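Below you'll find the structure, written out as structure tokens, and then a few comments.
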Amino acid sequence: MGELARDTARAGRYLTQSLRLMVGVPDYGSYLAHHQATHPEREPMSYEEFFRERQAARYSARVGKCC
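All letters in the sequence shown, in the order written, are residues 549 to 615 by our numbering.
The following block contains the structure:
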């Protein structure tokens, strides 16, 4: 794959991630990377658990962070 094709693919991934965040779709990949870096001893949530937790955090009055 050429350099232009790699750059275009990378730009597409960034655009997709940005659009998902703008409409409220959480990024499970980023969660997994964060979880592995900061909480390697704990089991990460499944995608379904993660999605439900993010939806609850977005639409409830509860405020909190993991760290």
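All C-beta atoms in this analysis are idealised placements derived from N, C-alpha and C, irrespective of residue type, glycine included. These numbers come from a predicted model, not from an experiment.
- DSSP-derived helix/strand/coil call for Val571: helix
- Grouping DSSP H, G and I as helix and E and B as strand, with all else coil, what is Glu601? helix
- Val607 to Ala559, Cα distance in whole Å? For clarity, residue 607 is Tyr in the given sequence; the question names Val instead. Computed Cα separation, rounded: 30 Å.
- Message: Spatial neighbours of Val571 within its chain, please: C-beta separation below 7 Å, excluding the five flanking residues on both sides.
- Response: none
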